[in-house]
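Chains as they are written, first to last, in the working numbering: chain S, 29 to 132; chain G, 29 to 132.
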DNA sequence: CGTATGGTTCGATAATATGGAACTATTGAA
DNA sequence: TTCAATAGTTCCATATTATCGAACCATACG
């Protein structure tokens with residue numbers, strides 16, 4: 029684990045983004061992260077209330093990361109995650125807003 | 029095969045819609061169907077250019093149908109498919125436009 | 001009737017998700 | 001420095017889902 033791999037903005041795909049959000053758990057995670065906008069949340073912070081094993085949660089974060097939705101950086105003992113807001117709006121303007129509007 | 033099952037508008041879920049569109053093949057299918065707006069296309073018409081077995085194609089149409097994205101009716105020997113445009117805009121206003129804008 | 005068309009369904013294999021257990025890295029305390 | 005706690009990843013086995021060939025079904029037509 030020598031740092032996380034993130035796709036370049038140009039490599040983010042529509043099907044990839046939709047696939048990453050095609051799951052209630054990941055929709056909630058992104059919602060939580062979006063509330064902070066440019067702020068960060070650790071995995072456990074973002075997953076507050078989501079009852080599931082760490083391994084499954086880690087898997088979901090990986091999906092979001094691989095799809096280009098979030099950027100993860102290790103800070104001390106925890107991982108700081110933030111939505112790649114600018115990158116996503118550059119690649120797919122308006123998409124994220126249109127989707128997350130409906131996530132209560 | 030006594031007709032197709034379609035979810036009620038209220039039962040269409042965000043994760044379901046995103047999941048159904050989280051695939052390049054299905055994105056293209058919907059794009060083709062959308063070009064006809066309120067018109068219909070048979071499965072083979074919509075799949076023109078998509079090189080794949082009938083069974084796989086049938087599977088993809090089923091995913092779109094189960095997610096509430098299309099309505100399928102049997103007409104003679106073929107199936108007529110159309111996008112559930114009004115239903116989707118009632119359930120998730122603006123979502124489909126925002127997504128399909130990026131499907132070239 | 002037989003045959004062509006336009007699909008669906010079945011069944012086997014390939015790919016992906018879940019979750020327990022073990023592991024790693026960092027921090028803090030004894 | 002050693003021990004334990006925290007925060008998460010990775011590995012592996014099982015469960016779910018996708019792909020595609022083969023068989024099947026319904027309709028139209030000669």
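Where a beta carbon is used, it is the ideal one built from N, C-alpha and C, also for glycine. As the structure is a computational prediction, the values presented were derived from the model and not from experiment.
In terms of residues, what are the limits of the alpha helix (DSSP H) holding residue i?
i, result
"residue 14 of chain S", "Absent from the structure is residue 14 of chain S, since the part of chain S shown begins at 29 and ends at 132."
Tell me which same chain residues have a C-beta within less than 6 Å of the C-beta of residue i, skipping the five on either side of it?
i, result
"residue 60 of chain S", "74"
Which residue comes first and which comes last in the beta strand (DSSP E) that contains residue i?
i, result
"residue 103 of chain S", "98-103"
Would you kindly check if the distance between the Cβ of residue j and the Cβ of residue i is under 7 Å?
i, j, result
"residue 126 of chain S", "residue 123 of chain G", "yes"
"residue 40 of chain S", "residue 119 of chain S", "yes"
"residue 173 of chain S", "residue 38 of chain S", "Residue 173 of chain S falls outside the range modelled here, since chain S spans only 29 to 132, and no answer is possible."
"residue 53 of chain S", "residue 95 of chain S", "no"
"residue 55 of chain G", "residue 130 of chain S", "no"
"residue 62 of chain G", "residue 128 of chain G", "yes"
Excluding sequence positions up to five away, which residues of its chain have a Cβ less than 7 Å from the Cβ of residue i?
i, result
"residue 29 of chain S", "Per-residue confidence for residue 29 of chain S stands at a pLDDT of 49, beneath the threshold of 50, marking its modelled position as unreliable; the derived number appears in the next sentence. Around residue 29 of chain S: no qualifying Cβ."
"residue 93 of chain S", "32, 34, 100"
"residue 68 of chain S", "108, 109, 110"
At a cut-off of 6 Å, is residue i close to the ligand MG when judged by its beta-carbon and the heavy atoms of the ligand?
i, result
"residue 41 of chain S", "Among the components modelled here there is no ligand, and therefore nothing to report on the ligand MG."
Give every residue of the same chain whose Cβ lies closer than 8 Å to the Cβ of residue i, excluding the five residues on either side of it in the sequence, and list them in chain order.
i, result
"residue 80 of chain G", "53"
| said: Is it the case that the stretch 94-113 of chain S contacts the stretch 99-118 of chain G, given that we only count it when at least three CB pairs across the two stretches are under 8 Å? | reply: By the Cβ test, the stretch 99-118 of chain G is not in contact with the stretch 94-113 of chain S, since fewer than three Cβ pairs between them sit closer than 8 Å.
| For the 8 Å Cβ check, are there 3 or more pairs between the stretch 79-90 of chain S and the stretch 33-44 of chain G? | No, the stretch 79-90 of chain S does not touch the stretch 33-44 of chain G.
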